[in-house]
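In the numbering used here, the protein residues as written are -18 to 633.
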Amino acid sequence: MGLLTVGEPLSWTETKALAEFVREHGIEQFLNIFHARRHKGDDTLKWGDEVEYIVLEFDHQNRKVRLALRASTELLTTLQKPEEAGETDLSSLWRPEFAAYMIEGTPGVPYGNMFAFFKDIEENMRLRRREVMSLLRPNEAILSISSFPRSGTLDSCSPPTFVGTVDGTSKSLFFPDEAINPGHPRFGTLSKHICERRGGPANIQVPIFRDVNTASPFVEDFFAQMNIDRARRYRQADHIFLDSMGFGMGCCCLQVTFGASNVCEARLLYDQLTPLTPILMAMSAASPAHRGYLTDRDCRWAIIAGSVDDRTEAEITGTDPATGEAITTVRRIPKSRYDSVDLYIYPTNKIYNDIEIVRNEKAYSRLIESGVDELLAEHISHLFIRDPLVLFKEKLDIDDKTESDHFENIQSTNWQSMRFKPPPPGAKEIGWRVEFRPMEVQLTDEENAAFVVFIVLMTRLILSFNLDMLIPISRVEENMKEGQKRNAVLDGLFWFRKDLSLPQCVLTHFAANECEAAARIQEQVTPCLKRNDVTKETMYTKSVKMSVDEIINGSHKKKFPGLLPLLHAYLDSMKIEALTRCSINKYLQIIANRANGTNPTPANVIRSFIYNHPDYKQDSIVNDSVNYDLMKQIWSLQKDEITLKDLLDSCP
Ligand code: ADP
Ligand code: MG
Ligand code: MG
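Structural data, given as structure tokens:
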């Protein structure tokens, strides 16, 4: 999870006082990287995935399952030993995550040439899982599930915890402080400072899934049990209230990072993959239940956005919370620091940026004055509207030429659907990278591998076939909302571009590498930075609403080729060894079946299991007994003891 620096964290008051210092140095650090590395490089393609896991402990006697809080300490310490001892040829690397019950695994070294490595990725994921399994106690399990359905309920952790109530780190009524990773000061401090900055705990309202026996209106009485007055004001009919960073950052995801051969290619890929983010989020949907309830959403996105939303009320509304009057001293910020991206960054694509961009004007001027082109300056200065959340005393005075902690501090706490990653200073072997971040983790390694293979292949398809998937960014945002809804994968309709061929003006621009030149001589190339294929008016006519199936598998009726048929055409044009092509086809079939509904999303698997369980009372409540059987079956699936079909047929 982003930057991890060990040391003594400063208090929020101290951190806030240093915010401008960090931003100023962060911008200088970015500029140093940019100027050192903006030239056309020849970095070879490298890529890698990140899979997050939840560790559980079964209490078979009482038919209960709890979150095992030793994952981030005992387990992680053991898993990281070889790396800490300096071993290099490792098959996996392990990283801490926000919750004490989570761990994150990546391949030991990034993959290289993609076709040669496609056959390894699923095996590597299995290997990672086995590595953790060898360390587990007999009653423990490691699951790739996005959300633990009973997180934040009483007695949901092992060892037992005592909810910190109002004085706790995240001031949560439900999520215990002990479930925040204690192995690194960053996590608790993040949670604490987000609360302090926004002036109280998170307020996340998730619509409840309305079943036949669900109370109408559904109104929780948690405040009666807890006798805490504060809770009363958060109660919202027909919604589940979540109030801690742990409800969002305690969910697991699947991310893919890939290198680009130069800064221009990275920017182009960042933009072209952005319209795919809501589609892939909906296809990977895996988080239907939270705090013991079934919700009416299949994805964690809005929950995680709300869970780290550090904006004050004045920043959210633009008005003084006391008087309700508009204020000019505080700038309105439309979105959380965790959310979908707000702008495209390839120079020709500015026209598609049709939503309000708030930027740090001082940072913007400095970037422009130093030769960064308009759109990249806008991107960086948009990230730099945020305050640093965690600072370590030991890492304040650093050399802006050789280190980038202050830049990374702001960058890595802008948790957006895509991330544009500049090379770390000094690391010649690491180039400009792009991270695809919206996906939820899958129930099987085969499915996780399928999503990774699909995204990596999409990057090749975009570059080889010069695909253009851009739609106005406001429509990507609209799609993000659509994609979280229950069963969006089958029922949702998403804006998507009809004609996928990249216009000649962009091709010429890319071939001439004017994107890079733009950074050098802004004025001269500005006239080239326009797409002559669209205007502010016509760009809206280039996209239509389609289902996920139509987007992925194609539609005769809408005369849309579909991304998978295009991918197959691309693969046909390559000389790929038969066995490799077979395994690629297996993964692409999984993607095709997910899009057309043949293979249910993890969210749908979990829902079906719950609906059919005899202890589920059609009241939206996921009780201990249902949860125990569900987790046990998913564990059997992930140990290859049963198939997905067995799981669906297995309700007691
Ligand atoms: P994050 O910034 O998301 O915390 P990292 O950048 O450490 O994570 O790693 C994310 C993924 O990037 C891993 O799968 C890793 O193998 C991969 N990776 C590492 N080096 C490179 C590289 N030079 N180019 C592309 N991907 C890389
Ligand atoms: Mg992570
Ligand atoms: Mg990541």
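Using N, Cα and C, we set each Cβ at its ideal position, and we do this for glycine too.
In the DSSP assignment, the residues bridged to threonine 300 are Ala307. Selection around ligand 3 by beta-carbon proximity, strictly under 6 Å to any non-hydrogen atom, yields Glu31, Gln236 and Glu416 in chain order. In this structure, the CA atom of valine 90 is about 24 Å from the CA atom of arginine 248.
Leaving aside the five residues that flank asparagine 341 on each side, the residues in its chain whose CB is nearer than 8 Å to its CB run, in chain order, Arg4, Ser362, His363, Phe365 and Ile366. Inclusion of proline 91 in the 6 Å shell around ligand 1 follows from its C-beta lying nearer than that to a non-hydrogen atom of the ligand. Rounded to whole angstroms, the gap between the alpha carbons of methionine 612 and leucine 618 is 10 Å. Beta-bridge partners of serine 524 (DSSP): Arg478. For valine 353, the three-state secondary structure derived from DSSP is coil.
If one requires a minimum length of 3 residues, the beta strand (DSSP E) runs lying completely within the segment 380 to 429 are 399 to 402 and 414 to 421, in chain order. If you check the CB distance, proline 259 and methionine 450 do not come in under 7 Å. Distances from the alpha-carbon of arginine 76 to those of Glu68, Ala52, Thr329 and Asp70 put Ala52 closest. Contact between leucine 356 and lysine 331 is confirmed by a C-beta separation of about 6 Å, below the 8 Å threshold. Our two residues, glycine 287 and asparagine 184, have alpha carbons roughly 7 Å apart in a direct line. Beyond the five residues adjoining it in sequence on each side, isoleucine 102 comes within less than 8 Å, by CB distance, of Asp30, Pro88, Tyr92, Ala430, Val433 and Val434 in the same chain, given in chain order. For proline 119, the secondary structure class from DSSP, reduced to helix, strand or coil, is coil.
Under DSSP, the beta-bridge partners assigned to valine 187 are Ile221. Secondary structure at aspartate 472: helix, using DSSP grouped into helix, strand and coil.
For the options Ala17, Met264, Ala122 and Leu116, the alpha carbon positioned closest to that of arginine 467 is the one of Met264. For glycine 7, the shortest separation between its Cβ and any heavy atom of ligand 1 does not lie below 6 Å. Counting the other CB atoms within 10 Å of its CB gives methionine 527 a total of 16 or more, which places it among the buried residues.
If you look at lysine 45, you'll find it in the beta strand (DSSP E) that goes 45 to 49. Fewer than three beta-carbon pairs drawn from the segment 470 to 485 and the segment 295 to 314 are found closer than 8 Å, and the two stretches are therefore not classed as touching. Rounded to whole angstroms, the Cβ separation of serine 601 and isoleucine 189 is 5 Å, and the two are in contact under 8 Å. When DSSP states are grouped into helix, strand and coil, isoleucine 126 belongs to the coil group. Shown here, alanine 270 sits in a strand according to DSSP, grouped into three states. For glycine 67, no alpha helix (DSSP H) run applies, since DSSP gives it neither H nor E. Between asparagine 105 and phenylalanine 98, the alpha-carbon positions lie close to 10 Å from each other. For the 7 Å CB-CB criterion, tyrosine 325 and aspartate 252 form a contact.
Distances from the CB of glutamate 85 to the heavy atoms of ligand 2 include at least one below 6 Å. Looking at the backbone, the Cα of cysteine 233 and that of glutamate 78 are separated by about 9 Å. Here the distance from the Cβ of arginine 414 to the nearest heavy atom of ligand 1 is below 6 Å.
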